[in-house]
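Structure record follows, encoded as structure tokens.
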Amino acid sequence: MTLATSAPSAAPATEPRPKLMTHGLEAWFGDNRVLKGVDMPIPAHRVTAIIGPSGCGKSTFIRCLNRMHEMVPGARMAGRVELDGQDVYGPDIDPVLLRRRVGMVFQKPNPFPTMSIRDNVLAGMKLSRRKLGKSEAEGVVESALRGAALWDEVKDQLKKPGMDLSGGQQQRLCIARSIAVEPDVLLMDEPCSALDPIATARIEDLLHELKARYTIAIVTHNMQQAARVSDQTAFFLSGELVELAETNTIFTSPGDRRTEDYITGKFG
Amino acid sequence: MSVGVPEIRDGASIRRRGRNLGERAFVALSLLAIAIPLLILVGLVAHTLSDALGRIDWDFIVGYPSRRASAAGILPALVGSLWLIGLTALIALPLGVGAAVWLEEYGGRSRLAGFIEVNIANLAGVPSIIYGLLGLGLFVRFLGLDRSVLAGALTLSLLVMPIVIMATREALRTVPGHLREAAAALGATRWQVIRQVVLPMSLPGILTGSILSISRAIGETAPLIVVGALTYMTFLPQDPGDPFTALPIQIYNWVSRPQEAFLVNAAAGIMVLLVTMLTLNSAAILLRNRLQRRIRR
Amino acid sequence: MSSFTLPEPAARRATRRGSRPGRRSSATPLAEKAIEWSLLACGLVSILTTLGILAVLLVEAVGFFEQVSLADFLGDTEWTPLFADKHFGIWPLVAGTFLTTGIATLVAVPFGLLAAIYLSEFAPQRARRVLKPALEVLAGVPTIVYGYFALVVVTPMLQEVFPSLAGFNALSAGLVMGIMIIPMVSSLSEDALHAVPMALREASWGLGAGRLVTIFKVVLPAAMSGIVASIILAVSRAVGETMIVAIAAGQQPRLTLDPTVPVETMTSYIVQVSMGDTPTGTLEYRTIFAVGVTLFALTLLMNVLSRRFVKRFRYGASR
Chain Z
27 MTLATSAPSA APATEPRPKL MTHGLEAWFG DNRVLKGVDM PIPAHRVTAI
77 IGPSGCGKST FIRCLNRMHE MVPGARMAGR VELDGQDVYG PDIDPVLLRR
127 RVGMVFQKPN PFPTMSIRDN VLAGMKLSRR KLGKSEAEGV VESALRGAAL
177 WDEVKDQLKK PGMDLSGGQQ QRLCIARSIA VEPDVLLMDE PCSALDPIAT
227 ARIEDLLHEL KARYTIAIVT HNMQQAARVS DQTAFFLSGE LVELAETNTI
277 FTSPGDRRTE DYITGKFG
Chain Y
14 MSVGVPEIRD GASIRRRGRN LGERAFVALS LLAIAIPLLI LVGLVAHTLS
64 DALGRIDWDF IVGYPSRRAS AAGILPALVG SLWLIGLTAL IALPLGVGAA
114 VWLEEYGGRS RLAGFIEVNI ANLAGVPSII YGLLGLGLFV RFLGLDRSVL
164 AGALTLSLLV MPIVIMATRE ALRTVPGHLR EAAAALGATR WQVIRQVVLP
214 MSLPGILTGS ILSISRAIGE TAPLIVVGAL TYMTFLPQDP GDPFTALPIQ
264 IYNWVSRPQE AFLVNAAAGI MVLLVTMLTL NSAAILLRNR LQRRIRR
Chain D
354 MSSFTLPEPA ARRATRRGSR PGRRSSATPL AEKAIEWSLL ACGLVSILTT
404 LGILAVLLVE AVGFFEQVSL ADFLGDTEWT PLFADKHFGI WPLVAGTFLT
454 TGIATLVAVP FGLLAAIYLS EFAPQRARRV LKPALEVLAG VPTIVYGYFA
504 LVVVTPMLQE VFPSLAGFNA LSAGLVMGIM IIPMVSSLSE DALHAVPMAL
554 REASWGLGAG RLVTIFKVVL PAAMSGIVAS IILAVSRAVG ETMIVAIAAG
604 QQPRLTLDPT VPVETMTSYI VQVSMGDTPT GTLEYRTIFA VGVTLFALTL
654 LMNVLSRRFV KRFRYGASR
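If you read the protein sequences in the order shown, they are chains Z, Y and D.
Following the numbering used here, the numbering of the first sequence begins with 27 at its first residue and continues without gaps.
Following the numbering used here, the numbering of the second sequence begins with 14 at its first residue and continues without gaps.
Following the numbering used here, the numbering of the third sequence begins with 354 at its first residue and continues without gaps.
As structure tokens, this is what we get:
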């Protein structure tokens, strides 16, 4: 495993402790090792993009951060993942509680089909059995939908089914649903790959606003998107972290030959 | 939305609160939900077996019914059941397989095919005693077949036909479409494709489904009662027009008597019935495995 | 497939008619058509069967209703067609059917649903491959055997707990019927649960909901129409069940909801008359068809309803 940085300004040593940090993270599906020891910091209140060809382990990586990886039968991991310095795989840690602090938005929008827009936003509260008074609930719905830049479009139709919205709106609804739970971190697994360019652009704009309140890690197969939205970018290849650097740097003068080959399209 | 100063939030604790008893208790409960009925079934069968073992002997199997429980035998019932499944197989299998072939290979999405499918789906859910009433009205009385083994077999055939059709269709569907296309591209007519490609390949599934359907027919009691199977028969049927009895009918007759000894007879009869069904089902599975191995070659 | 033989090309076929002695290929268009039509005839048997059922039931039922008014049939509360003082109210039989079916449903639904949830959400693949067919065995046992169990084993056992339980009663029959129909609930429900997309579960887990909460608040509601379909199907099966109730539930038509006394169901009444020596063509004979029509209509209704629910879950209840 190599961690190559190309410019001094990327060194995290002078910054406060990263929000998330992995040490020697490995992951398997059955006998198939898909992550081969990844050490990577994810700094707070910044957008970290994770790029790499298909099968390089980037989705598996972020799924290890909120312990979704272990929900697959036959999947296992090794190594440390620290949230604010605390190992999330510790024996006394409840993964359910972890996932309330580290939220996830998936590739294909997945609002709950039997729920209205309003109930979808509140789903996180209902599922964790948090009781909310009516006005408090309305407040959560509005602030979450505003945070996802969806409020103005749906504020008069909160009772409509979540599935009635367009693809891009559904994905923003899923983002609203995730932030309603007030996580610290938002993990996004190729959130725009099922959306049209206009919807994609709206979500990308949203990310600039969201990072003020959350730490964001976004997996994307679209390099231009990574260049547009992120502060730092990590390049994964065959289960290894090849290079981690400031986004500007990695796309203009990458330190590793493999990064350069990927970015210039020599393989993909 | 205003940006402002980034909030530094002290994250809520992610430490486990209490042990995860709820989920483990639920899994245990649901495993019980599966285990309890199965254990009950095993218990009931064991109870019956212990009652039956003392009673079953060669005399029982080849003997005739009697007013004395200890002298009663099951031969007419056994022979009657064999007659029934033989005739039922002869009638229901060709008709059922034929119908399935038509639906899968010729019918397509036509309205007629859809109508036939709806019929079959409904017929599969009709209670077996209704088939008995059908048999009584149509075969026994209208066609004048009287209370014969033929009438019984015809009734059972109609009863099992929907199952034969559904099982055969499943088997036909396992033949990949490209094989049909390849044969057709060689100039084969539709029937030739079916006879020489589709049927041989789906034969294991068809046979298995057929045998299992017939095996189910052996256990049917209600329709036969309505059609007029005798409950006390002292001779064996010689041709399809003869009166008849069957294993489940004989068992029902014995169960209906209050004397303990007849209940033991019933247990013995049940064992004979279950062994027969088990043999047929195992034969079906063995046959399927052997044929499947030959096809995979 | 080693028996595959190449047919002769079409051109040669057309000129071959009658010129080659003894070698008639089945490839002539007429033969093809004949084969197709005989296969179609096989398919038409199913339509004829349905027509036959309707004809037989309706002809005799009409004969019945010429002598007994519909008002009596639906209004009288006694069913005594074989006695001297004849009453033809269907309700005692319906009550008997309802009672035994109700008990069976109360057994089958919890067991079946729990089994389905385990098989779909928790069971490892190997366990599923063993347990699912194992449950199907419950449905494969002949009903006469279940009837024997109910009468000879279950009733005496229950009488130890409830000494006032009659020798023939609805409770034993209902319990045993319940066990028999568990696989109908568990199989179809499991299919419905399985069909709920993984994405929904992941969305729920991702929000920090535990496994159980996800199952009860996300997966189960999404699978609800399939589950309802399975229950309706199981109820329909219980309504049509004959031998278990004929052996263990008794032959005394009674308008009651008491599970400890003998009752008679629609199905066991038909058996009772068939076992006796009621001459054909009489009013008493026609009663079994009147009851049969009622039974047929009930089960048909439920089966159609069940299939509507299945369509909803198979073709996207989630829009």
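Heads up, the beta-carbon is just placed ideally off N, CA and C, and yes, glycines get one too.
For a cutoff of 7 Å on Cβ pairs, would you count D/PRO574 as touching chain Z?
In the third sequence, the residue the question calls residue 574 of chain D occupies position 221. D/PRO574 counts as touching chain Z.
Work out the CA separation of D/GLY465 and Z/PRO99 for me, nearest whole Å.
Within the first sequence, the letter at position 73 stands for residue 99 of chain Z. Within the third sequence, the letter at position 112 stands for residue 465 of chain D. Rounded to the nearest angstrom, the two C-alpha atoms are 24 Å apart.
Selection from Y/ASP255, Y/THR258, Y/ILE264 that minimises the alpha carbon distance to D/ILE597:
Locating residue 597 of chain D in the third sequence gives position 244, where the first residue counts as 1. Nearest C-alpha to D/ILE597: Y/ILE264.
List, in order along the chain, the chain Y residues whose C-beta lies closer than 7 Å to that of Z/ASP118?
The count along the first sequence starts at 1 and reaches residue 118 of chain Z at position 92. Chain Y residues near Z/ASP118: ARG28, ARG29.
Can you look up Z/LYS62 in the DSSP assignment and give me helix, strand or coil?
Working through the first sequence from its first residue, we reach residue 62 of chain Z at position 36. Correct three-state label for Z/LYS62: strand.
Please check if any C-beta of chain Y sits within less than 7 Å of the C-beta of Z/LEU123.
On the first sequence, residue 123 of chain Z is found 97 positions in, with the first residue counted as 1. Cβ-Cβ to chain Y under 7 Å: yes for Z/LEU123.
Quick check: is the beta carbon of Y/ALA166 nearer than 7 Å to any beta carbon in chain D?
Here residue 166 of chain Y corresponds to residue number 153 of the second sequence, with the count starting at 1. No, because no Cβ of chain D sits closer than 7 Å to the Cβ of Y/ALA166.
Tell me, which residues are paired with Z/ALA101 by DSSP?
Here the question's residue 101 of chain Z lines up with position 75 in the first sequence. DSSP lists Z/PHE55 as partners of Z/ALA101.
Cβ of D/GLY455 less than 7 Å from any chain Z Cβ?
Residue 455 of chain D sits at position 102 when you count from the first residue of the third sequence. No, because no Cβ of chain Z sits closer than 7 Å to the Cβ of D/GLY455.
Which residues in the same chain as Z/THR226 place their Cβ atom closer than 8 Å to its Cβ, once the five residues preceding and following it in sequence are excluded?
Numbered from 1 along the first sequence, position 200 holds the residue referred to as residue 226 of chain Z. Here the set comprises GLY194, CYS218, GLN251.
I'd like to know if D/SER627 contacts chain Z, where contact means its C-beta is closer than 7 Å to some C-beta of that chain.
Position 274 of the third sequence, counted from the start, is the residue given in the question as residue 627 of chain D. False, the Cβ-Cβ gap to chain Z never drops below 7 Å.
For Y/MET290, three-class secondary structure by DSSP
In the second sequence, the residue the question calls residue 290 of chain Y occupies position 277. The answer is helix: DSSP assigns Y/MET290 an H, G or I state.
Within 9 Å of chain Y by C-beta, residues of the region 578-598 of chain D in sequence order:
LEU586, SER589, ARG590, VAL592, GLY593, GLU594, THR595, MET596
Can you tell me which of the three DSSP states D/GLU474 falls into?
Within the third sequence, residue 474 of chain D is the residue found at index 121, counting from 1. Three-state result, D/GLU474: helix.
Could you pull out every unbroken beta strand (DSSP E) segment of at least 3 residues lying fully inside the region 427-515 of chain D, listed in chain order?
none
Chain Z contact for D/LEU393 (CB, 7 Å cutoff):
In the third sequence, residue 393 of chain D corresponds to position 40, counting from 1. So no, D/LEU393 is outside the interface.
Would you say D/ALA503 lies against chain Z (beta-carbon separation less than 7 Å)?
Along the third sequence, read from residue 1 onward, the residue named residue 503 of chain D stands at position 150. So no, D/ALA503 is outside the interface.
At the level of alpha carbons, what is the spacing between D/PRO685 and Y/ARG160?
The question about residue 685 of chain D has no answer, for chain D in this structure spans 354 to 672.
Using a Cβ-Cβ cut-off of 6 Å (strictly less than) and excluding sequence neighbours within five positions of Z/TYR240, which residues of its own chain qualify?
Against the first sequence, residue 240 of chain Z aligns to sequence position 214. For Z/TYR240, where only same-chain residues beyond five positions count, the Cβ hits under 6 Å are LEU212.
Listing by chain order, which chain Y residues have their CB less than 7 Å from the CB of D/PRO486?
For the purposes of this step, residue 486 of chain D is identified with residue 133 of the third sequence, where counting begins at 1. Those do not exist, as D/PRO486 stays about 11 Å from chain Y at its closest Cβ, beyond 7 Å.
From D/VAL483 to Y/SER226, what distance separates their C-alpha atoms?
Here residue 483 of chain D corresponds to residue number 130 of the third sequence, with the count starting at 1. Here residue 226 of chain Y corresponds to residue number 213 of the second sequence, with the count starting at 1. Each residue's Cα considered, the two are about 22 Å apart.
From this set, D/LEU565, D/ALA523, D/ALA576, which residue's C-alpha is nearest D/ALA601's C-alpha?
Locating residue 601 of chain D in the third sequence gives position 248, counting from the first residue. The candidate whose alpha carbon is nearest that of D/ALA601 is D/ALA523.
Give the residues of chain D in contact with Y/VAL211, contact being defined as C-beta atoms less than 9 Å apart.
Looking up residue 211 of chain Y in the second sequence gives position 198. Neighbours of Y/VAL211 on chain D: none; closest Cβ ~11 Å, over 9 Å.
8 Å Cβ cut-off: residues of chain Z touching Y/ALA25:
Locating residue 25 of chain Y in the second sequence gives position 12, counting from the first residue. Under the 8 Å cutoff, chain Z gives LEU123, ARG126, ARG127.
Per-residue burial, D/GLY563 [other beta carbons within 10 Å of its own, 16 or more giving buried]:
Along the third sequence, one-based indexing puts residue 563 of chain D at 210. Buried is the call here.
Z/LEU153 versus chain D: which residues are under 9 Å apart at the beta carbon?
As a first step, residue 153 of chain Z must be located in the first sequence, where it is residue number 127. SER557, LEU560, GLY561, ALA562, GLY563, VAL566, THR567, LYS570, VAL571, listed in chain order.
Are there any heavy atoms of the ligand FMN lying less than 6 Å away from the beta-carbon of Z/GLU266, as far as the coordinates show?
This structure does not include the ligand FMN; it has no bound ligands of any sort.
When the Cβ atoms of the region 97-111 of chain Y are set against those of the region 166-180 of chain Y, are three or more pairs found closer than 8 Å?
yes
Within this structure, are the beta carbons of Y/GLY93 and Y/THR258 separated by less than 7 Å?
As a first step, residue 93 of chain Y is located in the second sequence; it is residue number 80 there, counting from the start. As a first step, residue 258 of chain Y is located in the second sequence; it is residue number 245 there, counting from the start. Contact: yes.
Across which residues does DSSP place Z/GLY129 in a beta bridge pair?
Counting from one through the first sequence, the residue named residue 129 of chain Z turns up at place 103. According to DSSP, Z/GLY129 bridges with Z/LEU212.
For Y/LEU299, which residues does DSSP report across the bridge?
If you number the second sequence from 1, residue 299 of chain Y lands on position 286. Answer by DSSP bridge pairing: none, since Y/LEU299 is not bridged.
Please report the distance separating the alpha-carbon of Z/LYS84 from that of Z/ILE77.
On the first sequence, position 58 is the one that residue 84 of chain Z refers to. On the first sequence, position 51 is the one that residue 77 of chain Z refers to. Distance between the alpha carbons of Z/LYS84 and Z/ILE77: 7 Å.
Beta-carbon neighbours of Z/PRO217, restricted to chain D and to distances below 7 Å:
Against the first sequence, residue 217 of chain Z aligns to sequence position 191. Those do not exist, as Z/PRO217 stays about 12 Å from chain D at its closest Cβ, beyond 7 Å.
For D/GLN420, count neighbouring C-beta atoms within 10 Å of its own C-beta (all shown protein chains included) and say buried if the count is 16 or more, exposed if not.
Here residue 420 of chain D refers to the residue found at position 67 when the third sequence is read from its first residue. It is exposed - the Cβ of D/GLN420 has fewer than 16 other Cβ atoms within 10 Å.
Three or more C-beta pairs below 8 Å linking the region 137-148 of chain Z and the region 181-189 of chain Z
yes
Assigned secondary structure, Z/GLY194 (DSSP; H/G/I helix, E/B strand, else coil)
By 1-based counting over the first sequence, the position of residue 194 of chain Z is 168. Helix, per DSSP.
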